[in-house]
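A quick write-up on the structure given underneath.
There are 2 protein chains.
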Amino acid sequence: MTRFGFELIAQDGAARLGRLDTAHGAIDTPAFMPVGTAGTVKAMLPESVAATGAQIILGNTYHLMLRPGAERVARLGGLHQMMNWPGPILTDSGGFQVMSLSKLRKIDERGVTFQSHIDGASHLLTAESSMEIQRLLDADITMAFDECTPFPATPDQATQSMRLSMRWAKRSRQAFVERPGYGLFGIVQGGVYPELRAESAAALKEIGFDGYAIGGLAVGEGQETMLSVLEATTPQLPIQRPRYLMGVGRPSDIIGAVLRGIDMFDCVMPTRSGRTAQAFTRRGAVNLRNARHQDDPRPLEEGCACPACRQYSRAYLHHLTRSEEILGLMLLTWHNLQAYQDLMRGLRAAIAEGRVGEFATQAAEAEALGDIEAL
Amino acid sequence: MTRFGFELIAQDGAARLGRLDTAHGAIDTPAFMPVGTAGTVKAMLPESVAATGAQIILGNTYHLMLRPGAERVARLGGLHQMMNWPGPILTDSGGFQVMSLSKLRKIDERGVTFQSHIDGASHLLTAESSMEIQRLLDADITMAFDECTPFPATPDQATQSMRLSMRWAKRSRQAFVERPGYGLFGIVQGGVYPELRAESAAALKEIGFDGYAIGGLAVGEGQETMLSVLEATTPQLPIQRPRYLMGVGRPSDIIGAVLRGIDMFDCVMPTRSGRTAQAFTRRGAVNLRNARHQDDPRPLEEGCACPACRQYSRAYLHHLTRSEEILGLMLLTWHNLQAYQDLMRGLRAAIAEGRVGEFATQAAEAEALGDIEAL
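Here the protein sequences come in this chain order: A and B. Residue 98 is where the first sequence starts when you use this note's numbering, and the numbers rise one by one after that. Residue 98 is where the second sequence starts when you use this note's numbering, and the numbers rise one by one after that.
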């Protein structure tokens with residue numbers, strides 16, 4: 098029976114190479130987790146997600162509790178079986194989306210009362226119900242229930258919010274049902290204030306978690322602020338536990354965070370951008386709707402192993418996006434997920450070889466070049 | 098170098114088993130051609146289309162001439178290379194969609210002047226330009242330019258329309274550039290009037306084509322009328338040439354037409370239905386949005402080899418369609434194309450074994466049963 102556990106394999110400065118074992122398989126870190134909001138990574142077959150190199154995906158408690166419902170997912174054998182993803186799954190706690198998507202929400206010590214954005218039905222989400230829902234979904238990694246502190250927030254607002262999240266973290270820990278191979282992550286809050294982040298990290302360590310996430314970033318504070326918060330926060334976290342930066346981000350955000358000791362990431366950016374004709378390449382973002390591609394027989398990105406790059410021209414991808422063809426979304430989503438996984442593979446190899454600083458410099462230089470010249 | 102040619106392998110009553118050789122490969126008939134309107138079979142990777150057993154797809158001249166443009170397709174190496182479909186392709190002549198989709202069309206002896214439904218630009222489509230466009234697209238099978246006679250039409254309207262199509266057919270034959278492995282099909286018109294169909298068939302035979310299509314059906318006349326027109330028409334066509342019933346249809350239409358000597362079909366039904374949550378099974382159409390599926394762990398269709406049936410439950414497919422997830426369209430389109438190819442495989446095997454009548458009876462009985470009972 099698999100033990101849930103993290104092995105730190107190598108370090109290069111603050112950057113870490115690791116391996117996380119879960120009930121449904123192992124994850125090489127630094128890892129990027131594609132987002133499978135409602136039980137599907139949008140526009141992708143799960144075997145295609147796996148083909149990009151992704152080893153773990155994320156599911157959203159808020160979406161899944163409303164539709165199809167956590168009990169129903171459990172009756173269908175859990176999220177892995179329902180969506181045909183045999184690998185590890187992390188679920189968020191629902192706290193973030195309750196605040197961003199639902200209507201008429203009311204927050205108090207117990208939790209959040211809200212109305213579903215789908216049918217207006219009233220629900221109460223608490224630390225205890227979030228743990229129960231994530232257990233029903235069969236998440237390998239459960240996230241503690243928290244409030245994502247809005248940005249901007251005054252020091253006082255950020256303090257109140259963080260301390261509420263810490264009380265909920267304790268209740269989450271108590272409600273979490275231990276199972277071999279399954280783990281619970283706490284979430285550091287505290288806005289952009291290093292002393293609040295330190296207080297939060299200390300509170301979580303006191304409770305004790307299988308991993309530590311950093312929440313409440315990438316909410317508008319800017320990359321520089323985000324990285325400085327990370328720099329102040331990651332040293333407060335236990336070395337032998339995985340660290341997860343929630344909801345981040347662009348490739349350069351990920352590189353910057355890996356350099357500061359982050360092991361795990363999730364973001365809708367590669368999938369959402371794939372549905373709006375935007376592709377990530379080593380030389381920056383490319384908008385396939387742009388007319389400059391209409392006669393270009395070259396691949397989107399030379400050397401990329403995804404089907405969009407191996408089998409099609411930029412001209413065809415342009416045609417698909419202009420014609421609003423579903424295949425366009427499918428191919429660009431696939432490419433973007435491939436690009437993100439290639440980035441993570443590159444980072445892992447660089448850390449293993451002690452050249453992650455050089456890797457970061459070269460990635461920044463390539464991105465600064467911009468797209469290949471038009472024909 | 099491949100010769101374009103049809104081999105009649107077996108007959109069972111009027112039903113025919115055959116094989117059609119083209120520049121890009123062979124097609125076993127009776128064959129169903131998935132529709133790839135704008136250079137993509139919607140929501141499918143081409144390798145997935147091939148995995149269902151499809152050997153040939155259809156492209157639409159009207160759509161492709163407007164976007165991305167026939168010259169552009171030719172510069173990109175032709176339609177096969179552009180869309181990564183190495184197998185045979187048939188293109189229609191553009192005549193049907195010019196009348197159904199474009200704005201401000203004007204028809205005269207020369208052809209059809211129309212405004213693009215995309216940008217309003219004015220275009221003239223003639224027998225000669227249709228042949229040239231289909232050559233630029235690199236279609237293995239080119240369709241003669243015709244007017245699809247509307248339904249209902251008086252005998253006089255149907256006569257005028259059919260005779261115009263026959264004059265265009267002659268011009269199409271003259272304009273078609275012969276290339277090894279490439280063929281040109283004429284299109285029988287004449288509405289629901291057997292004597293007009295006979296006149297049209299005779300006119301086309303006089304010109305001489307590599308195959309003979311039957312157009313102007315499945316436009317509202319009903320299955321019974323359609324099959325009686327086929328019964329009167331197929332005996333007028335050369336035995337040694339393939340016969341293609343355009344734009345048909347439901348599984349029962351296809352079975353009825355095969356029993357009357359048709360070899361090839363195309364229809365948007367499996368792909369379009371896949372995008373509206375409707376699945377074709379041997380036991381009839383199933384609407385996955387229906388709440389009866391919401392807790393059903395069974396596959397959509399037991400024994401089907403498509404990923405929707407092998408890897409997912411009806412409950413999950415229901416969830417995807419209710420959540421309007423792209424994966425839902427992808428999986429149901431795949432299933433429907435698989436169901437259509439399985440039907441064609443079944444028909445071919447039955448003809449080979451001299452039991453196509455029995456096959457048709459069993460298929461009708463299975464469909465009459467309706468969907469499996471709810472749990």
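We put the beta carbon where it would ideally sit given N, CA and C, even for glycine. The model shown is predicted, which means the values in this text are computed figures rather than measured ones.
Rounded to a whole number of angstroms, what is the C-alpha to C-alpha distance between residue i and residue j?
i: E421/A; j: M240/B; result: 27 Å
i: V209/B; j: L221/B; result: 6 Å
i: G313/B; j: A120/B; result: 28 Å
i: A299/B; j: A148/B; result: 39 Å
i: D109/A; j: H432/B; result: 49 Å
i: F248/B; j: Q194/B; result: 15 Å
i: I284/B; j: A310/B; result: 5 Å
i: T188/A; j: G353/A; result: 24 Å
i: L426/A; j: P165/B; result: 18 Å
i: L114/A; j: D125/A; result: 8 Å
i: G288/A; j: T256/A; result: 8 Å
i: T430/B; j: S190/A; result: 34 Å
i: R357/B; j: L301/B; result: 20 Å
i: V170/B; j: Q152/A; result: 38 Å
i: A436/A; j: A107/A; result: 24 Å
i: P394/B; j: Q178/A; result: 11 Å
i: L161/A; j: H390/B; result: 17 Å
i: I336/B; j: G305/B; result: 13 Å
i: N384/A; j: A402/A; result: 20 Å
i: L424/A; j: G102/A; result: 39 Å
i: Q408/B; j: M141/B; result: 17 Å
i: F377/B; j: E321/A; result: 54 Å
i: G344/A; j: M130/A; result: 10 Å
i: P348/B; j: G133/B; result: 19 Å
i: L233/A; j: M180/A; result: 14 Å
Reducing DSSP to helix, strand and coil, say where residue i ends up.
i: E104/A; result: strand
i: Q435/B; result: helix
i: T119/B; result: strand
i: H214/B; result: coil
i: I359/A; result: coil
i: A140/B; result: coil
i: T458/B; result: helix
i: I124/A; result: strand
i: Q231/A; result: helix
i: T149/A; result: coil
i: D253/A; result: helix
i: C406/A; result: helix
i: S484/B; result: Outside the modelled stretch of chain B, which goes from 98 to 472, sits residue 484/B, for which no answer is possible.
i: E303/B; result: helix
i: G346/B; result: coil
i: T368/B; result: helix
Using DSSP's beta-bridge definition, name the partner residues of residue i.
i: G283/A; result: Y309/A
i: R340/B; result: Y309/B
i: K200/B; result: Q212/B
i: R160/A; result: For the sequence presented, residue 160/A should be read as His rather than Arg. For H160/A, which the question treats as bridged, DSSP gives no partner whatsoever.
i: Q375/A; result: N384/A
i: L222/B; result: V209/B
i: F129/A; result: F362/A
i: S154/B; result: It is worth fixing the name first, because residue 154/B is Ile in this sequence and not Ser. I186/B.
i: I238/A; result: L187/A and G280/A
i: L114/A; result: A107/A
Pop quiz: residue i and residue j are said to be a contact at Cβ under 8 Å. What is the actual Cβ separation, rounded to whole angstroms?
i: A476/A; j: M228/A; result: This structure leaves residue 476/A out entirely; chain A is present only between 98 and 472.
i: H214/B; j: L198/B; result: 5 Å
i: D468/B; j: R380/B; result: 6 Å
i: S258/A; j: E275/A; result: At roughly 28 Å, the Cβ-Cβ gap does not stay under 8 Å, so S258/A and E275/A are not in contact.
i: L361/A; j: R340/A; result: For clarity, residue 361/A is Met in the given sequence; the question names Leu instead. Indeed they touch by this definition, with Cβ atoms about 7 Å apart.
i: I351/B; j: L440/B; result: 7 Å
field: Under 7 Å (Cβ pairs) to chain B, residues found in the region 269-297 of chain A
entry: none
message: Under 7 Å, CB to CB, which of the residues in the region 105-136 of chain A have a partner in chain B?
response: A135 and G136
message: By the 7 Å beta-carbon criterion, what residues does the region 149-169 of chain A contribute toward chain B?
response: R164, P165 and R169
- request: Anything in the region 378-405 of chain B with a Cβ closer than 9 Å to a Cβ of chain A? List those residues in chain order, please.
  value: Q391, D392, P394 and P404
- prompt: Name the residues in the region 428-442 of chain A whose C-beta lies less than 7 Å from a C-beta of chain D; which are they?
  reply: Protein chains A and B are contained in the structure displayed, whereas chain D is not.
Positions along the region 409-420 of chain A whose CB lies within less than 7 Å of some CB in chain B: Y409, S410, A412, Y413, H416, L417, R419 and S420
task: Scan the region 168-202 of chain B for residues whose Cβ lies nearer than 8 Å to a Cβ of chain A and list them as they occur along the chain.
output: R169, R172, L173, G174, M179, M180 and N181
task: Below 7 Å between beta carbons is the criterion; list the residues of the region 226-247 of chain B that meet it against any residue of chain A, in chain order.
output: none
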